[in-house]
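Participant: First, the structure itself, so that you have it in front of you.
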Amino acid sequence: TRSLLSVFEEDAGTLTDYTNQLLQAMQRVYGAQNEMCLATQQLSKQLLAYEKQNFALGKGDEEVISTLHYFSKVVDELNVLHTELAKQLADTMVLPIIQFREKDLTEVSTLKDLFGLASSEHDLSMAKYSRLPKKKENEKVKTEVVKEVAAARRKQHLSSLQYYCALNALQYRKRVAMMEPMLGFARGQINFFKKGAEMFSQSMDGFLSSVADMVQSIQVELEVEAEKMRASQQELLSLDEAVYTPDFDVAAPQINRNLIQKAGYLNLRNKTGLVSTTWERLYFFTQGGNLMCQPRGAVAGGLIQDLDNCSVMAVDCEDRRYCFQITTPNGKAGIILQAESRKENEEWICAINNISRQIYLTDNPEAVAIKLNQTALQAVTPVTSFAKKQESPCPSQNVKSSEMENDKIVPKATVIIPEAEQLIAPGTPIQFDIVLPATEFLDQNRGGRRTNPFGETEDATFPEAEDSLLQQMFIVRFLGSMAVKTDNTTEVIYEAMRQVLAARAIHNIFRMTESHLMVTSQALRLIDPQTQVTRANFELTSVTQFAAHQENKRLVGFVVRLPESTGGESLSTYVFESNSEGEKICYAINLGKEIIEVQKDPEALAQLMLSIPLTNDGKYVLLNDQPDDNDGSPSENRGAESEA
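Heads up: the sequence shown runs through residues 1 to 644, numbered per full-length UniProt numbering.
Here's what the structure looks like:
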């Protein structure tokens with residue numbers, strides 16, 4: 001709309017310049033009777049110049065151009081007349097064009113300024129609204145800001161409608177304003193000069209009559225169009241006041257989750273220093289697999305980020321509502337954006353998720369998006385039993401070695417898939433965040449030690465990390481955890497994955513906590529990637545089951561058996577999404593358990609360790625599964641292995 005408005009404003013500016021020039025020419029005719037010849041010559045040239053103005057909205061000006069061409073010839077013929085009645089010139093030629101300039105053009109300029117002020121007030125109110133905190137005790141302030149935004153939007157809407165109507169009407173009035181003064185000038189010449197009968201023939205009278213009729217018809221068209229615009233304006237202004245209120249349907253928004261393209265205004269977070277940030281309200285839209293941004297006044301949008309294979313999730317940022325972050329395929333944090341309502345926030349997240357799956361490349365992307373969302377809804381449908389899953393080479397296994405050996409001789413026909421109720425009690429609550437925050441976890445494990453204010457690593461709390469024979473790092477995102485009934489089968493992990501993903505889909509939970517999962521030969525540690533503080537620690541001996549999803553290779557889970565204060569034991573399943581394949585995490589856990597078993601036998605331990613490469617600092621890791629910041633290369637690892 002603003003791009004189209006700039007075309008109308010350019011046309012109005014061109015018309016203003018031309019009108020001023022035309023008025024100067026007419027005033028010269030009026031004020032310089034002794035120079036009538038020169039004045040009429042300039043007027044004739046100026047009439048011909050209308051065709052060369054290149055109006056941005058020049059459609060419908062053909063009749064005006066042809067008429068002005070004819071009038072130019074008439075002015076050349078009238079060049080022989082050197083006197084003119086000043087009053088007739090003032091009333092019939094100069095006055096109409098002055099009225100057009102002072103009334104119509106000035107009105108457009110004034111409405112333009114009012115529209116600019118209303119837009120600025122709206123931007124200021126939206127900035128204030130975007131800074132509203134989420135605390136409930138600020139409801140009074142929130143109500144005042146919301147009312148301010150609604151009033152600013154209504155004011156901007158009203159001023160924009162008046163401005164648009166004036167610009168539309170100007171297209172008709174300019175044609176009248178161009179011809180009416182010349183019509184008065186010609187009639188004044190005929191009525192004043194006695195030689196008019198000799199100079200003007202009957203055909204000229206007919207031409208002037210046709211021009212008058214044409215002006216009258218344009219006036220009628222203007223009235224009809226003005227009436228339509230007034231009716232449309234009243235219809236638009238009669239809408240419910242709620243349409244001006246941001247986030248008016250926050251309780252139950254109608255969210256379209258099948259979008260494959262999205263456009264609208266968002267707040268973009270920009271870093272201006274080490275700790276300082278600014279937020280800029282810009283217009284964003286998707287184009288294919290790209291997120292584009294178009295600032296005000298720009299001819300076209302520019303690329304902000306490639307959305308293919310990226311991930312998006314809601315985040316908390318600077319105590320602002322409705323924020324979400326786009327993460328690149330390699331796990332690097334991307335831009336942070338803020339929507340103005342819950343509906344816009346969730347629709348943007350759904351649209352970016354659909355685009356990241358490259359649905360837009362299919363023949364019928366809308367149908368594919370609907371089908372995928374229906375599949376997600378089907379995932380939340382309760383199931384009574386598991387379908388039998390095909391055996392896979394996943395190293396998911398029961399930790400009881402003796403039971404594993406005995407299970408190998410059991411015929412497949414005797415394997416019974418348990419019911420869902422036998423694995424997880426119906427209605428079991430799901431926790432979507434890490435069990436303990438980093439600071440709380442450390443406080444519980446280090447006693448009375450003071451809190452480290454500088455975020456330094458707390459490896460001293462876990463001395464086994466330095467002595468561990470195995471250290472393997474994985475980037476994971478915590479999806480959820482829940483209590484389970486049994487740890488005798490990996491089916492309990494698959495059922496927990498299904499229920500966690502289904503609950504996230506039902507409750508629209510997109511936020512995930514990213515951590516570094518450190519697998520050692522003693523424990524599993526969840527480490528905060530920013531502060532390097534350990535969020536949770538699980539002894540490897542307490543991990544009784546672990547498995548990767550058979551279809552979604554990036555999903556992995558494990559069951560932990562922990563003693564309770566009452567003397568019993570509790571079982572909990574933890575589900576994660578990894579940047580790498582879950583099989584690698586399962587393999588690392590399995591290797592750690594094997595190290596624990598063979599540590600009792602030095603010869604078996606030495607044989608196992610010789611089959612695993614070493615890093616330069618003497619730690620055992622898995623080839624091709626090292627984190628990006630590992631300094632050891634495969635060739636160096638092989639050399640360390642040979643030396644060992």
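Ideal placement from N, C-alpha and C gives every residue a C-beta, glycine not left out.
Taking the alpha-carbon of P553 as reference, which of V575, I596, L132 has the nearest alpha-carbon?
Facilitator: Going by the sequence as given, residue 553 is Lys instead of Pro. For K553, the nearest C-alpha among the options comes from V575.
Participant: For L22, which residues in the same chain have their Cβ closer than 7 angstroms to its Cβ, ignoring the five residues on either side in sequence?
Facilitator: Q46, I97
Participant: Please report the distance separating the alpha-carbon of E225 from that of A152.
Facilitator: Between the alpha carbons of E225 and A152 lies a distance of about 28 angstroms.
Participant: Quick one: Cα of N364 to Cα of G331, how far?
Facilitator: 30 angstroms
Participant: Counting only runs of 3+ residues fully inside the UniProt domain "PID" (474-590), write out the beta strand (DSSP E) ranges in chain order.
Facilitator: 513-520, 523-527, 534-539, 543-548, 555-563, 569-578
Participant: Quick check on the DSSP output: the beta strand (DSSP E) that includes I98 runs from which residue to which?
Facilitator: Run containing I98: none in the beta strand (DSSP E); it sits in the alpha helix (DSSP H), 95-99.
Participant: Quick check: the Cα distance between G592 and T489, rounded to an integer number of angstroms?
Facilitator: 20 angstroms
Participant: Distance check for E280 and S217, CA to CA, integer angstroms please.
Facilitator: Each residue's Cα considered, the two are about 49 angstroms apart.
Participant: When you compare only the Cα positions, how much space is there between I352 and S578?
Facilitator: Straight-line spacing of the CA atoms in I352 and S578 works out to 20 angstroms.
Participant: Please work out which residues of its chain come closer than 6 angstroms, Cβ to Cβ, to A118, disregarding the five sequence neighbours upstream and downstream, and give them in chain order.
Facilitator: Excluding positions up to five away in sequence, the list reads K155, Q156, S159.
Participant: Which residue comes first and which comes last in the alpha helix (DSSP H) that contains S311?
Facilitator: Per DSSP, S311 lies in no alpha helix (DSSP H); the unbroken beta strand (DSSP E) holding it starts and ends at 311-317.
Participant: Distance check for H507 and D249, CA to CA, integer angstroms please.
Facilitator: 17 angstroms
Participant: What are the boundary residues of the alpha helix (DSSP H) that includes R153?
Facilitator: 139-192
Participant: Identify, in the order they occur along the chain, each residue of the same chain with its Cβ nearer than 8 angstroms to the Cβ of C310, setting aside the five sequence neighbours on each side.
Facilitator: I326, T327, T328, P329, G334, I352, S356
Participant: Which first and last residues belong to the beta strand (DSSP E) in which N270 is found?
Facilitator: It spans 263-271 - the beta strand (DSSP E) in which N270 sits, taken as one unbroken run.
Participant: Give the range of the beta strand (DSSP E) segment to which A333 is assigned.
Facilitator: 333-338
Participant: Would you call P181 buried or exposed, if buried means 16 or more other Cβ atoms sit within 10 Å of its Cβ?
Facilitator: That one is buried.
Participant: I'd like the span of the alpha helix (DSSP H) that includes E107, first residue to last.
Facilitator: 106-130
Participant: Taking E9 as the reference, give the member of F115, K135, A39 with the closest Cα.
Facilitator: F115
Participant: According to DSSP, is F284 helix, strand or coil?
Facilitator: strand
Participant: Is the region 257-275 touching the region 334-349, taking contact as three or more C-beta pairs under 8 angstroms?
Facilitator: Touching, yes, given that three or more Cβ pairs across the two stretches are closer than 8 angstroms.
Participant: I'd like to confirm the pairing. Which residues does DSSP put opposite R320 in its beta bridges?
Facilitator: C317
Participant: Tell me whether the beta-carbon of K343 lies closer than 8 angstroms to the beta-carbon of I255.
Facilitator: yes
Participant: Tell me which residue opens and which closes the alpha helix (DSSP H) that L48 is part of.
Facilitator: 36-49
Participant: If I measure Cβ to Cβ from A263 and keep anything under 8 angstroms in the same chain, skipping five residues before and after, which residues do I get?
Facilitator: Y283, F284, F285, T286
Participant: DSSP on N452, reduced to helix/strand/coil?
Facilitator: Bear in mind that a pLDDT of 45 at N452, under 50, signals an unreliable position, so the model cannot answer this.
Participant: Do you know offhand how far E569's Cα is from A547's?
Facilitator: Approximately 21 angstroms between the Cα atoms of the pair.
Participant: Return the first residue and the last residue of the alpha helix (DSSP H) that I352 is part of.
Facilitator: 342-356
Participant: Taking the beta carbon of Q545 as the centre, do at least 16 other beta carbons fall within 10 Å, making it buried, or is it exposed?
Facilitator: Under a 10 Å Cβ-count criterion, Q545 is classified as buried, with 16 or more other Cβ atoms of the shown protein chains found around its own Cβ.
Participant: If we count the other Cβ atoms within 10 Å of its Cβ and call it buried at 16 or more, is S130 buried or exposed?
Facilitator: Buried: at least 16 other Cβ atoms inside 10 Å.
Participant: Does A640 come out as helix, strand or coil in the three-state DSSP assignment?
Facilitator: Note that A640 scores a pLDDT of 32, beneath 50, so its modelled location is shaky; the value from the coordinates is reported in the next line. Correct three-state label for A640: helix.
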